[in-house]
Amino acid sequence: MADGGEEVDGARGSGTPSTKESVKSLTTQYTALLTVVQGLWEPRLNSYLRNLEQQESCPKQSPHQPLQ
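Numbering-wise, the sequence shown is residues 415 to 482 according to the working numbering.
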């Protein structure tokens with residue numbers, strides 16, 4: 415019987431990859447996941463940064479002063 419520390423068929427019970435192939439596979443999956451997340455958030459981030467640039471280029475007005 416195997417507990418968390420014994421190896422069974424070359425794999426550790428803790429979920430940690432023990433072979434180069436396993437590490438490479440997980441790295442590839444991680445890279446693919448990051449690419450998807452970047453694709454989802456990049457347009458929002460670009461839009462947010464454009465809005466910040468526009469706000470910085472506009473003259474600042476105190477909220478207590480009436481518009482003229």
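We put the CB at the ideal spot given by N, CA and C, even for glycine.
- Counted as a single uninterrupted DSSP element, the alpha helix (DSSP H) harbouring S471 occupies residues 434 to 471.
- One alpha carbon belongs to T445, the other to L463, and they sit about 25 angstroms apart.
- Between the alpha carbons of T430 and S471 lies a distance of about 51 angstroms.
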